[in-house]
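Under numbering that gives the first Met the number 0, think of the first position of the sequence shown as 0, with each following residue one higher. Where a beta carbon is used, it is the ideal one built from N, C-alpha and C, also for glycine. Predicted, not measured: the structure shown is a model, and the values here were computed from it.
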Amino acid sequence: MCTIDELICVCISRQIKDGELVAQGMATPLVAAGYLLAKVTHAPNLTFISAIGQTFCQEFAPLGLATVENLWLKNGLFSINFITGVCDFLPRYQPKEFFRPGQVDPFGNFNNVFMGGSYEKPRLRLPGSAGIPDVTVYEEHVCLYVPRHGRHTFVPQLDFRSGLGHSPKRTQGSGPTYLVSDLGQFDFWGENGRLRLTTHHPGISPKRIQAKTGFPLEVAPNLHETELPTAEEVQLLREKVDPLGIRTLETLRGARRKTKLRQIIAAEKAQSK
Numbered sequence: 000m001c002t003i004d005e006l007i008c009v010c011i012s013r014q015i016k017d018g019e020l021v022a023q024g025m026a027t028p029l030v031a032a033g034y035l036l037a038k039v040t041h042a043p044n045l046t047f048i049s050a051i052g053q054t055f056c057q058e059f060a061p062l063g064l065a066t067v068e069n070l071w072l073k074n075g076l077f078s079i080n081f082i083t084g085v086c087d088f089l090p091r092y093q094p095k096e097f098f099r100p101g102q103v104d105p106f107g108n109f110n111n112v113f114m115g116g117s118y119e120k121p122r123l124r125l126p127g128s129a130g131i132p133d134v135t136v137y138e139e140h141v142c143l144y145v146p147r148h149g150r151h152t153f154v155p156q157l158d159f160r161s162g163l164g165h166s167p168k169r170t171q172g173s174g175p176t177y178l179v180s181d182l183g184q185f186d187f188w189g190e191n192g193r194l195r196l197t198t199h200h201p202g203i204s205p206k207r208i209q210a211k212t213g214f215p216l217e218v219a220p221n222l223h224e225t226e227l228p229t230a231e232e233v234q235l236l237r238e239k240v241d242p243l244g245i246r247t248l249e250t251l252r253g254a255r256r257k258t259k260l261r262q263i264i265a266a267e268k269a270q271s272k
């Protein structure tokens, strides 16, 4: 049996092709684990660029928390500044990148700034947009992931748009091509690029997915159940890619997340002795 975090990682991994350049933002261990899983399975020639130090890397290292910099900085080929990356490297090399939206609308526009209220007095302040407004206007391989699928995230209208989706005003690049959540997988279909359900995870009905989505979903004609991870993929995630279970922090809430965080820090500290 696999856990939902493992299923999401494997879905991300299966979107990666050998030889690609993939980009990763801050605090996205599900994405990092998916990339690393691809690296040790079907995509050995993967190149990473990370927001941690804006470093390019082709080496493998297991995920860390307090030692996360080791994965990218210690093994980095070279490092560039943020402006050079956003304005020069990323437009030219068009990496594949997964973003985690606070809100996403039916056309893949998304919000990482605030929810509810106003910009000056929000109900909830989100982590912020970082380079998302810069890169989503020209990138062609944008993907999204949502660890906890709900109507608070899948909304008919955003409170604020920080990531550009499928829009008639777009002059270059494209909107998101793929989305995975803890309930299923989606693409963006048709001339308008509307979100469409393509697979539902085992034990999850399409009816439940629609009930958890704040707008009507398109459904692919060949809708089917998501393919489960193989025994090898699960073993690699648990023993080689992320033995500390850092990826689970994106799916846990409240006290359970705090407990897991403390366990990871203690285990990492013990390893360093």
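Run the CB neighbour count on E231, radius 10 Å, all protein chains shown included, and call it buried at 16 or more, exposed below. exposed
Express the C-alpha separation of A50 and P205 in angstroms, rounding to a whole number. 35 Å
How far does the alpha helix (DSSP H) with F12 in it reach, from first residue to last? A small fix is needed here, since residue 12 is Ser in this sequence, not Phe. Its alpha helix (DSSP H) spans residues I3 to S12.
Does DSSP put N221 in a helix, in a strand, or in coil? Three-state DSSP puts N221 in a strand.
Through-space distance from E119 to P215, alpha-carbon basis: Looking at the backbone, the Cα of P215 and that of E119 are separated by about 31 Å.
K259: first and last residue of the uninterrupted beta strand (DSSP E) it sits in: First-last for K259: G253 to S271, but that is the alpha helix (DSSP H), not the beta strand (DSSP E).
Look up V103 in the DSSP assignment and say whether it is helix, strand or coil. Correct three-state label for V103: strand.
Rounded to whole angstroms, what is the Cα-Cα separation between P100 and K38? Looking at the backbone, the Cα of P100 and that of K38 are separated by about 25 Å.
Just to confirm before moving on: does the CB-CB distance between I208 and S161 stay below 9 Å? no
Is P121 helix, strand or coil by DSSP? strand
To which residues of the same chain is V154 closer than 8 Å at the C-beta, ignoring the five residues directly before and after it? Q102, V103, D104, G213 and F214
By the three-class DSSP mapping on this structure, what secondary structure does G127 have? Of the three classes helix, strand and coil, the one that applies to G127 here is coil, per DSSP.
Counting only runs that start and end within the region 129–168, where is the alpha helix (DSSP H) found for 4 or more residues in a row? 131–134
So what's K95 in DSSP terms, helix, strand or just coil? strand
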